[in-house]
Structures are given as structure tokens and as C-alpha cells.
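Chains as they are written, first to last, in the numbering used here: chain C, 7 to 558; chain D, 30 to 196; chain H, 153 to 494.
Glycine residues also receive a C-beta, built at the ideal position from the N, C-alpha and C atoms.
Computed from a predicted model, the values in this text were never measured in an experiment.
Only one structure is covered here, and it is reproduced in the block below.
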Amino acid sequence: MPLIKIDDREIEVEKGITVLQAATAEGIEIPYYCYHPALSIVGSCRMCLVEIEGMPKLQVSCNTSIGELPPERKKDGKYDMIVRTQTEIVKRERENVLEFLLLNHPLDCPVCDQAGECFLQDYSYKYGRAHSRFLEEKRVRKNEYLGSNVIINHNRCIMCTRCVRFTREISGTNELFVQARGDNSKISIFEDKSLDNLLAGNVIDICPVGALLSTDYIHKNRFWNLEEKKSICTDCSVGCNILVYSQNNRIFRINARENHSVNGYFICDIGRYGFHRYEDAEKVTSPLIRSDGGFKPISWEGALKEIYEQFSRSKDGEKHQIVGIASPFHTNESLFMFGRLMDNIFKDKSIIGKLPFIEDYEIHFDSGFRISKDRSPNRQGLLDFCLNLEDEILQKVKTGKVRLCYALDDGVDRKLDEEWESFFKSQRFLVVQTYAMTPLAKLAHLILPGPSPMEREGTMTNDQGRIQWLKPSVSLTNKTRPDWEIIMEFMNTVGKRELKYSSVNEVNLEMGERFPSYRGMTFFKIGYQGLPKKNIATSRPSEGGQAGNTVT
Amino acid sequence: MATVVKSYEPTFRDKLYIPALFQGLMLTFKHMFKKKVTIQYPDEKHVPPEGYRGLHRLNKYPDGRIRCVACEMCAAACPAHCIHIVPEPSPWEEGKERYPVRFDIDLLRCIFCGFCEMACPEKAIELTEIYDFADYSREGLWIDKAGLLEIYELTKTQNYYTVPNDE
Amino acid sequence: MDLIGFIIICIKVVVVFAATMLAVMGMIYAERRISAFIQHRLGPNRVGPKGLFQPLADGLKFLMKEDIIPAAVNKPLYLLAPAMLLIPALMTFAVIPFGSSLTLFGRQISLQVADINIGVLYILALTSVGVYGIVLAGWSSNSKYPLLGGLRSSAQLISYELAMGLAIVAIVLMTGSLRLNDIVTSQQGHLFSWYVFKQPVAFLIFLIAVYAETNRLPFDLAEAEQELVGGYHTEYSSMKFAMFFMAEYANMITAAALTVTLFFGGWDIPFVDEAAMGNWGALLSGIAFILKTAFFLFLYIWVRWTFPRFRYDQLMNLGWKVMLPLALLNIFITGGILTIIS
Ligand code: SF4
Ligand code: SF4
Ligand code: SF4
Ligand code: SF4
Ligand code: FES
């Protein structure tokens, strides 16, 4: 392995990597714009210049790979390369490069959405000169729409071509190109093809300056006002890692988060703009009970009392059948609790089913980026925790029996066809746990307010069997309670249990106790990058889990 | 190293105290006839010294358009966190593409440090020399965009920035 | 005593009472204005001409304030305390002669409410009673600051009463009478027959002691706003608080009048024989008395806004280690000289 020296540090690196990669890995900062780990290297911005011993001129570190020298030609007797990043000449050249980049730059940071997370700002501050010597008129161009969600401010563009390479290499759609040469060059689209692929939003993320702007976020807020939460996307079963930015419990934007085992550096536009669905939905924030054709808010005590009346009083020797409808939109912890409620408390009286999965077309990009056809985040978890799930529940429910139903709602995406609607209508008592007035919720007799996807916390298992932690990005409002807690109260009410989990972590621990493939999947362990599920076949845990006799 | 400070040794006259007491009495007596510093407020108005930092105002361009671009630099600089801005793309075609739809200052929280006017890149916010804006309610001391622009109208003739307001 | 005599006494009581109360109001106004002047301010100048009606406005404000009785107080004593302080303060004035005698309709009327032959003792006795007001207020409030104020006040009053008493003894020795009228008469004649010149040490001791007795700065440790939030009257509000206030000023007026009587010839105008001038003399003597008293009242205010407060141990040191021995010495010397002369 080559041994190189960057400034005062000796580093042993893999053969073939570039100087910039080596330095970054070692924590030595070299400023750069056009380089992006997911894209090909062009070396066009010249920001990453460094001095390399033996080379007559400064070199672009992003495009200089490290090789091994024969022993007799080693520098200082042992190094394969000696790099200097802090010499006078490097500093001067950085100043010069920045001055060029800023020639036509408007410096309108006050109105620029990138301000605060802009590399041009940061590097100008750190490496640039304080004053401009440019006296001529700046070139001014109007903003343009590149696609329905992307605006370009040409004045701010530094021609790093990251966006162009993105459309060529990642989305493979080739919408963007550099038009004209030299001072006249600008990022453009072809007349007949706008930037409207499902990954288009990513160019906004990767643009190092504020040239590419999202129509969804433009002039809405400032970066430093936003609170950043690391979470995962719940819009398909890939489970992309995301950063959610919010202020005062309102989400402003969602960006991609790096996770090489899941989504790489990018996310799709479905997840990026999907959060607006929850804002537009009619929220449910208090338990509601049906009365005179409408709903009326009641307290939690009242709701639980109602549940007790309906579910645990046997009336006139009638035979009950309890139908549980689980949902692949919920966390593993909620589903685990739900399975426990059905299997361990209602036992044989119960039957557990699900609504048809929400599916759409599957999309593959050449770069390997994938949008799953399964548009629910946790189908795997549903299958793991609700072991005796009936697929054909509509046929299986016995006619003639009193039917009580407890349904976890899928949320705003769920539509009901007639068959299902009449199924739910035929229930004697329907409890729906939801966060919005969905078609299913409208049929309910009792609505329990649970958290919306942005408020949920717990683990999700993606279609590759990777367990990831869903972190809440906004806090619960009003009388809403976490899903697992509602199910726990349900169990305590109808099953006379005294469960007292104080947080989702405790449920998670209990879940690990009973399902070996999930053992030890605590937040502390899986962190922000997730872990693959253990490959242990799950047998149906009997009452009381593995030990077999503790009854819960 | 410790330094020894010689304390003042009282003389015999000092120790008698009586002369010192008389000295003190004479001093206060003299002051009784000095010029009074009281300003009879509602009749006479206090004229603040130059650079006084009073109530804020939001400046306008000569064509009446608000100068502020809602960059929230002032809000970020504000040590009291009392500036609340809601930005939006501006409705006009030419000129600045962003403007504040709401611009509220909680005057009860404000400490009148003037950081906001120093932070403003657009010379949009300024502290005027108005100091008598007391009110009977907390809500009354929450000044909004309309109020701030009104203050500008009231104090248009003055320019509190050191650099003249040329544009 | 005949009926007319009784009526005359009643009139005198009313006149003296009204005059004292008026003087209290004047004092409050003067205090605020003079303190303002010393601090280059204007002071109250809005209510009435030059703010003269300010005390009335203050009184009205006190009347209209909510009268709060804290829950934990000892109610009877708490209610009694302000009166205990105010009444002796007003009563003291009864024995002070404020002019030579008047002759009306063939009757000689001495300008004094009660000419008793133990006037000096009466005054000493009443000032001692006044302390109880403060101590009771402090104790019955059931709160720490008032209690501290009350304690300080009792210690202070006891120690300074001694010095004051002894200073008066020197005067009594020279006069040979406890009657205040006699003391005034014995100072008549030329200027240097005033006891302030004959007994300068006694005067000084008396003056200092009297400041301590009236709880005025630099000896207002019982109130000491900065440490005790107001001391013994912290828990009082409305008119009850006003009574403490009035008592303080009434005490000052009495003390000033007493100083004048004992050391500055009372109503005496030097080189003038008031008795020979009949009623005009009486009037002049009255005015002289008022002017002299006014000066001492002014001195009170002036001192208050000039000197800082004593520390408690300094106060005690001064009282017991300086003033008391000095007063005793003074008596010995006076007694010695008197023996030699006679
Ligand atoms: S791109 Fe960066 S430097 Fe340019 S205006 Fe935007 S924030 Fe400022
Ligand atoms: S728009 Fe942004 S990403 Fe594209 S070339 Fe310009 S600066 Fe680079
Ligand atoms: S003067 Fe200071 S405290 Fe007041 S709004 Fe401006 S920055 Fe904030
Ligand atoms: S007042 Fe100035 S600093 Fe504040 S938002 Fe407006 S332009 Fe920005
Ligand atoms: S990062 Fe190396 S040239 Fe742009």
C-alpha cells in the first residue's frame, strides 16, 4: 500500500484512490465543488488545487490518484507522494479561484435559500479575499424553471456540472446540459424535455451553491432556523434515509441522508415532497365517538370505557368474533403489540387480517437506485409480527357472529373499495386507530388518535430485511398518543393486564425478547444507519414467549 | 507579590468628626441651590443624544416598496430572539425576489441593542429615536410590519444610519 | 377648675393637635422637596401651587389603598401597634410651652396645654411608651424583617434614652425644676443665657440621642429599607402604614420643640421682655418658637440627606461607650461647678 504524506501527516492509503479522498478520509480539509462521491470526476472547478512535490504546477486533488513508486524513486526515501495543502501558493490560488467563481456571482445571500449551508459562502469566508476587484457589470440572467419543481438562478451557478452529471449518471435521464462556451455557458434543458424525473429533487441537494432551487421550499425559511432530524422515509418499502427539517413543529423540507446500504446519497421526489400529504389531511387529535351521524370528541378514559363495554362484556351469551386489521404502515413495536393483543388476549376469538397492500409500479434507475412497488414502509414487519395473518380475511370471517373490529389505519393513502367498505360497515363495533379522517376512519364507531408518520417512533423493516429507526420529526399534538401506547391501553382494558411501558424502547426490548430475529435491535445498537435483521426463523411464539408460561 | 497599601491615618481633626460633619452638611446645603436636572416630561421632551436606540422602523424605497428582503439576519443576530419573520416570494416582478409577509417585533423582549440594524444587509431595519411608546397591554407592545412601516412614515425625514440612505 | 378654664384647655388641645397634624403634612412636603433639591431634582410640584397639596394627595392615596391584614399576624396587637406609636407622639406635645402667656378678657392663658411640674419626666415616660408601638408592630407582624426592625429599635431606644435623660439631668440641675416653663424662664435674658451655650456638651448629646430616639437617619436602623425592606412596618399597608409615617413626623416635631425648649430658650426672644409687651409679646414669642422649631426640623431633613446610616455595632458603641460616659461626666462637672458657685 502506498504511503503518502499530506502536510505533516503520514497516511497509508489504498492504491488508486485520489488525493482528495485520502485527505478527506483523514480529516484534512481540501475545499472542493465539482467532486461528488457518487458522480464521475471532471475536475472543472479547480477549487481543490494542492501542491504535489515533483509536479511543476498545482494539481487538482480530486483527479490525482495515488500510485506506488518503485523503491529507488520514493520521495524522502519512503513516501510515494508528498502533498501540501497549506502552502502560500495553494492559499493564493484558492483565493484566485474563488475570485473567478465570484466574478458574476450576485452575492445575494440575503435572499438565497442556500445561505447557511452554502459552500461558496463557507469557502469565501475561509479561503477567499475580503473584497472584490471586479468593477465591470456583472452578467445578469433571469431565473428559469428547469422542471416543475426545480428553478435555476443562473447568476449563482458556478458551473461545477454536478447537476448535469447527476442526470447522466444517476437518473440516466439526460435532461440537463451545458449550453454554449466560456462566459456564456449556462445550465440548460432541451426544449422538449424538462427536468421532471422522479429523482429531480436531488439536484437541488447536490448543487453546492444556491443555483438550483426547489419550488416547494423557495423563500420559505432560513436554514439556521430549521431543526434537523435524522429519520427514514415511509413512502415505500426501501426505507430511504432522510433528513427532516422543521421549525416549530412544521416540516419545511426533506433532504436525502447518506446510507450506502439503502439509498446511497439520494432519495426520490415521492418521499421528498410527500410530507405535504399529512399537512393537507384532516387531522384527528382527540378520541372521537360516533354520535348522531357525526363524531364527537371524548376523553381517553371515555374511549377506553367504551372499548371495555364493547369488547370484554359478553352480552347475552352471544359469540363474538374479533377482527384485527393490522397495517404495514406501522412500526414493528406497534405491530408487535397488536399481534400480542390479538393472539394472547383474544386468542381463538380473534382473527387478524390486513387490507390489500398498496402497490404501484416498481422503478429502477441504472445507477441502482430503486423505488419499490410496495408503497408501504413495513410489510416485512407486518409479516414478522402478525404470524397467523389471514390473507383472505373477507372470506374467512364467519357469518352470523357478532363482529367487533379493531383496525390500525394505513393513513391518507388508503382507499377503500366497495367490498371492503361493506365489510367494515357490517361490523357491530369498529375501532379505528388513525391520525386523519380517512375513508376507513369515517366508518368507525370509535376513533383513537395515533401519531402521523412524521410523529411516529420505532423500528421499520425494509424489503431487504434491514431494520431502521424511524425518528419522530415533529411532536405529538393535543391528545394524540403513540400507537404502541394505545394498543397497550387496549390490552390493559380488555385483558386486565398491567402493562406499563414508559417508552418505545421498552417495547422494543420486550419485542426482542420474544422475537429472536429482532433481539438487541435497540436504537443504541442500530443507530442512524440501521442493521440487517438476524437470520433466525421465527416460530410462532406461544403465550408468554419462549419461556412458555409467563402470561401477558 | 503583595503590595502594602498604607491606609490613610486620620488626623486629630478627623477624629473629632464634628468638623467633617459640618463639611458634609455644607456640601449638601450648597447643592440645594444648584441648577435642577429634572425634565418636566409631558411639557418638556427629552431630546435623546445622537445614536440613541429607540423604537424600530422598517425602511422603504422611494417608490414605497419595503426594503426588507426577509433574510432573517436581524432575527439571527437578535440576542433576545424577539424578531419573528415569515418570508415569501415577493409579488412584484422587478427587484428583490423575496419580502416579509409578516415582520413582528416583541418590544417587551427587545433590549434595544441595535444588533438588528447592524446585521441588516439591506439597511431595512433601523432604530429610531422614539422612546415614548409605552402601552397598557402586552399585545400593544408587539409591533407588526404595518406598525413598523408606519413608524418609518413618522420619522421619514431622519436617517439614523451613519451611511446616508442614498438609493 | 372652672368651666371656662376647661373650655380653654379644650381649645388649646384642639389647636395644638391641628397645628401638629398640619406640621406633619408640611414636614412631609418639606422632606420631599428638600431632598429633591439636594439631589438637583424638583420634587413634587404638580398637585396644587408648587405641589403644596401633595401631602393631601398622599393622604388620599393612603385612605383608598386596600387595607391588607396578613394571615399570620397577631391581630389585636397588630392593630394596636400603630396607635401605640402615634398617640404618645402626639401627647408629648402637651407639656411643651409654645409661647409666653396671653391675657384675654382678663384671664391669663399660658400658651401650653398642660403646665405640670414634672414635665421633663412626663416626656421621658411617653417617649419610652412609644417604643412599644414599634416593638409590637415588629413582633405581631410575624415576619422576619419586622421582627428584626423591632428588636433593633428597642435596643437602640433603650441605650439612647439613657444618654438623653442624663443630658437633660444637667439642665434640670441648673434650673432646679422639672417644669418646662421654669426651664424656659430660666433661659430668659440675653442670648448667652440659653442652655446651648451654658451646656454645649449636653446639647450635643441630646441632639444625637434625639435623632436616635426618633429613628431618623443616620440612626434609622429599625427601618433600614436597604436591609430590612422597611423594618417594623413592612407588613403594614394603607392608613395603618400612614399612621406610622405620621407618628414618625409627629415625633420629630415634638423632639424639635423639645430641643428648642431645653436649649434654645423655648419661646424666648433674647433681649426682649415678652411679658412686658402683653399679648403682642405672646404672639412674638409664639412666632419665635415656631421659627426655632422649624430650623431644627429643617436640620432633621438636611442631616437625613447628608449622612449615611450607622452600622448597628457602631450605633451601640457610640451610645454606650461615648455618649453615656460623656453625659455622666457632664453631670459631675455641672454639679461640681454648681456646688462651688453656691
Ligand atoms: S449561492 Fe451561496 S454565496 Fe451565492 S448567494 Fe447563495 S448563499 Fe450566497
Ligand atoms: S446548477 Fe449547481 S450543480 Fe449545476 S452546475 Fe451550477 S452550481 Fe453546479
Ligand atoms: S435591538 Fe437588539 S434585541 Fe431589539 S430587536 Fe434588534 S437585535 Fe433584537
Ligand atoms: S430587516 Fe434586514 S436583516 Fe432583517 S430580514 Fe429584513 S433585510 Fe434581513
Ligand atoms: S473538486 Fe477538484 S476540480 Fe472541482
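Report the residues of the region 455 to 468 of chain H with a CB closer than 8 Å to any CB of chain E, ordered along the chain.
In the structure shown, chain E cannot be found, because the protein chains are C, D and H.
Suppose contacts are defined by Cβ-Cβ distances below 8 Å. Is C:V500 in contact with C:S318 by that definition?
yes
Please tell me whether, using a cut-off of 7 Å, the distance from the CB of C:L113 to the nearest non-hydrogen atom of ligand 1 is below it.
yes
Are the CB atoms of H:G285 and H:A233 within a distance shorter than 8 Å?
yes
Note the first and the last residue of the continuous alpha helix (DSSP H) segment covering D:K174.
K174 to L183
So within the region 203 to 235 of chain C, which uninterrupted alpha helix (DSSP H) runs reach at least 4 residues, ignoring any that extend past its ends?
208 to 212
Would you call the region 328 to 335 of chain C and the region 472 to 484 of chain C touching, i.e. three or more CB-CB distances under 8 Å?
At 8 Å Cβ cutoff, the stretches do not touch.
Do the CB positions of H:V287 and H:S305 come within less than 8 Å of each other?
Their beta carbons are under 8 Å apart, which means H:V287 touches H:S305 by this criterion.
Does the beta-carbon of H:I453 have 16 or more other beta-carbons within 10 angstroms, so that it is buried, or is it exposed?
buried
Name the DSSP beta bridge partners of C:R278, please?
In DSSP, C:R278 forms no bridge with anything.
Compare the C-beta of D:H60 with all C-beta atoms of chain H and state if any pair is closer than 8 Å.
yes
Residues near ligand 5, criterion Cβ-heavy atom distance below 7 Å:
C:L26, C:Y38, C:Y39, C:C40, C:Y41, C:G49, C:S50, C:C51, C:R52, C:M53, C:C54, C:V66, C:S67, C:C68, C:N69 and C:C166
Would you call H:G372 buried or exposed, if buried means 16 or more other Cβ atoms sit within 10 Å of its Cβ?
For clarity, residue 372 of chain H is Asp in the given sequence; the question names Gly instead. Burial call: buried.
What does a CB cutoff of less than 7 Å around C:K402 pick up in its chain, not counting 5 residues either side in sequence?
I357 and E396
Any Cβ of chain C within less than 8 Å of the Cβ of D:E158?
no
Of all the CB atoms in chain C, is at least one closer than 8 Å to the CB of D:Y190?
no
Taking just the CA atoms, how far does C:N514 sit from C:F391?
12 Å
Chain-ordered chain H contacts of D:T57 [CB-CB under 7 Å]
Residues of chain H with a Cβ closer than 7 Å to the Cβ of D:T57 are, in chain order, I190, W454, W457 and T458.
With H:Q466 as the anchor, note down where its alpha helix (DSSP H) starts and where it stops.
Y464 to N469
Is it buried or exposed, C:W490, if we count other Cβ atoms within 10 angstroms and call 16 or more buried?
buried
Are the C-beta of D:L54 and some C-beta of chain H separated by less than 8 Å?
yes
State whether the region 219 to 233 of chain H contacts the region 389 to 397 of chain H, with contact taken as three or more CB pairs (one from each stretch) at a distance under 8 Å.
yes
Hey, is D:F162 close to ligand 3, as in C-beta under 7 Å from one of its heavy atoms?
No, the Cβ of D:F162 stays beyond 7 Å of every heavy atom of ligand 3.
Since I believe C:R228 is in contact with D:E155 (beta carbons under 8 Å), could you give me their beta-carbon distance rounded to a whole number of angstroms?
Contact flag wrong, Cβ pair sits at about 21 Å.
With burial defined as no fewer than 16 other Cβ atoms inside 10 Å of the residue's Cβ, what is the status of D:K44: buried or exposed?
exposed
Starting from the beta carbon of H:L194, find every residue of chain D whose beta carbon is closer than 7 Å, and list them in chain order.
K65 and T67
Cβ-based burial, C:R409 [other Cβ within 10 Å; buried from 16]:
buried
Assign C:N394 to buried or exposed, taking buried as 16 or more other Cβ atoms, counted over all protein chains shown, within 10 Å of its Cβ.
exposed
Chain C within 8 Å of D:P129, Cβ atoms only:
no
Cβ of C:R228 less than 8 Å from any chain D Cβ?
yes
Starting from H:I360, trace the alpha helix (DSSP H) in both directions and tell me its first and last residue.
Here the alpha helix (DSSP H) through H:I360 covers P352 to E365.
Which chain C residues are close to D:M201, counting only those with a beta carbon under 8 Å from its beta carbon?
Outside the displayed range of chain D (30 to 196) lies residue 201 of chain D, so it cannot be described from this structure.
Can you give me the C-alpha to C-alpha distance between H:P477 and H:Q339, rounded to a whole angstrom?
Answer to the nearest angstrom: the Cα atoms are 26 Å apart.
Would you identify the three-state DSSP class for D:E117, choosing helix, strand or coil?
strand
Under a CB-based cut-off of 8 Å, is D:V33 close to chain C?
With 8 Å as the cut-off, D:V33 does not count as an interface residue toward chain C.
Cutting at 7 Å between CB atoms, please list the residues of its own chain near H:F416, excluding the five before and the five after it.
Apart from the 5 residues on each side of it in sequence, H:F416 sits with its Cβ closer than 7 Å to the Cβ of W346, V348 and K444 in its chain, given in chain order.
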